[in-house]
Each structure stands twice: as structure tokens, then as C-alpha cells.
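Residue numbers (this note's numbering), protein chains in the order written: chain B, 1016 to 1130; chain A, 29 to 138.
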């Protein structure tokens, strides 16, 4: 099992460019999450999905879109990148959102710099 | 915004000293999880606490969940250099909402 993988690992964008981050999990998990992590801020939830074809907004959704067309993949899109989106992005998945099965497994992260 | 206060934000200890980080919520939590993130790494699950007053141990790590299910702590006895990293808690409020502590960054002087 590869667990949770993220593509790419690093990316540098210019302001206004667009890009898509890909998260894939091979654990048949229902729930998937996208977070951003900034120094001194901890993890902040951007969007999440409770199943294939469903998405929901998290704490900081503005400037991002997501899609969950396949159960194993969760895509995070930036339509017009801004310097404020410079961050480390983590994807995570969990079997469900129920108490005993909501352990989150995190991917290795994507370090994004927007110039 | 974050509704779980985690303290301290930073902690530097000598190797062999103990370390404790605390999470306090303004509301009752259904459960609380603890994660560790090594420098440059990703968060890794350590443990989950569900019951009021629950105490769990993993070798030198002791986790507690308060009686009111509003606070939790992680205590490391006799720290080692391998304990370096950021420890953070994640609480579940109700059925769906997750609330994150900001994390405590532990550094150790060998």
C-alpha cells in the first residue's frame, strides 16, 4: 500500500497562474481532506469530501476548488494563484467520519510558492 | 478559526527532561486525537482518546482526556532526540466538525 500520495512535491507559480494538486489514496477511504499549513498557524482545513462525488467547504475555502470524481482521488485547484497561497498543502484521508474510524492518514505534502 | 487552544507553542528541553503539551477546548469534544509531525515531514497519528478521564500510554508517552472532555494532555517522560517535532491535537465537535490545536514545537538539546 502506498497510503496517501500527493503530486507534485514542489511547485513555483507566478501570480495569476493556475494549477491542480492531486491526492490519491489506496486504502478505500471514504473521507478525504485538503489542508494548508503556514508557520505558526497550524493546519487549516480548505475543503473536504465525505464520499465520491461530494465536496464541502472547510475553514479557508476561498481561492480554491476541489473535485472528487473518483473515490481514490481528491483534486485541489487554484484558478488564479496569489502570493497569500504560498504554503505547504497536505492531503489526508480517513475511513469515515465516525468516532472510531476517523484517524487521518496524511500525504507527504506539496510545497507551493507563488511569486 | 481554531477553537482548541494548545500550549505552549514552543518548548525547548534538555535531553532526558520531561515535556508536556496541553489542549483546551471551549466546548465538549466527542474525541481527541494526537499527531506528531517531524521537521519537514507530515503529521502521523499517535493515539485517539474517546472516554471521559481516559488515560493511555505508549512507552514514554502518556495521553490524558479530561473528565469534562474539554481538555487533553500529552506527556513525554525522559525525552530523547527522536522526540523532536511538532505535536498537535485534533478534537471532534459533534458529528462532523474537526478542530485543531496550533501545535507545540518541541526541540531538544542533546
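Beta carbons: idealized from backbone N, C-alpha and C, even for Gly.
Would DSSP call residue i helix, strand or coil?
{"i": "residue 47(A)", "result": "strand"}
{"i": "residue 1123(B)", "result": "coil"}
{"i": "residue 1077(B)", "result": "coil"}
{"i": "residue 1069(B)", "result": "strand"}
{"i": "residue 29(A)", "result": "The predicted model places residue 29(A) with a pLDDT of 48, which falls under 50 and marks its position as unreliable, so this point remains unresolved."}
{"i": "residue 1032(B)", "result": "coil"}
{"i": "residue 139(A)", "result": "No answer is possible for residue 139(A): it lies beyond the span of chain A, which begins at 29 and ends at 138."}
What are the boundary residues of the beta strand (DSSP E) that residue i is part of?
{"i": "residue 1053(B)", "result": "1046 to 1053"}
{"i": "residue 125(A)", "result": "125 to 128"}
{"i": "residue 32(A)", "result": "32 to 35"}
{"i": "residue 1022(B)", "result": "1019 to 1022"}
{"i": "residue 1088(B)", "result": "1088 to 1093"}
{"i": "residue 1113(B)", "result": "Premise fails: residue 1113(B) is in no beta strand (DSSP E) and is neither H nor E."}
{"i": "residue 120(A)", "result": "113 to 121"}
{"i": "residue 1016(B)", "result": "Neither: residue 1016(B) is in no beta strand (DSSP E) and is coded neither H nor E."}
{"i": "residue 133(A)", "result": "132 to 137"}
Which residues of chain A have a Cβ atom closer than 8 Å to the Cβ of residue i, listed in chain order?
{"i": "residue 1105(B)", "result": "70, 71"}
{"i": "residue 1056(B)", "result": "130"}
{"i": "residue 1089(B)", "result": "What residue 1089(B) touches in chain A: nothing, since even the nearest Cβ is about 16 Å away."}
List, in order along the chain, the chain A residues whose C-beta lies closer than 7 Å to that of residue i?
{"i": "residue 1124(B)", "result": "70"}
Residues of chain A with CB closer than 9 Å to the CB of residue i, please, in chain order.
{"i": "residue 1060(B)", "result": "126, 128"}
Mind pulling the chain B residues with CB within less than 9 Å of residue i?
{"i": "residue 15(A)", "result": "Outside the shown range of chain A (29 to 138) lies residue 15(A), about which nothing can therefore be said."}
State yes or no: is the C-beta of residue i nearer than 7 Å to some heavy atom of the ligand GTP?
{"i": "residue 1061(B)", "result": "Questions concerning the ligand GTP fall outside what the structure shown contains, since it holds no ligand whatsoever."}
### Message
Suppose only complete runs of 3+ residues qualify. What are the beta strand (DSSP E) ranges in the region 38 to 101 of chain A, listed by chain order?
### Response
38 to 42, 47 to 53, 59 to 65, 71 to 77, 83 to 86, 89 to 93
### Query
When Cβ atoms are compared, which residues of the region 79 to 95 of chain A fall closer than 8 Å to chain B?
none
### Query
When Cβ atoms are compared, which residues of the region 1022 to 1047 of chain B fall closer than 7 Å to chain A?
none
### Query
Any residues in the region 50 to 64 of chain A with a beta carbon nearer than 9 Å to a beta carbon of chain B? Which ones, in chain order?
58, 59, 61, 63
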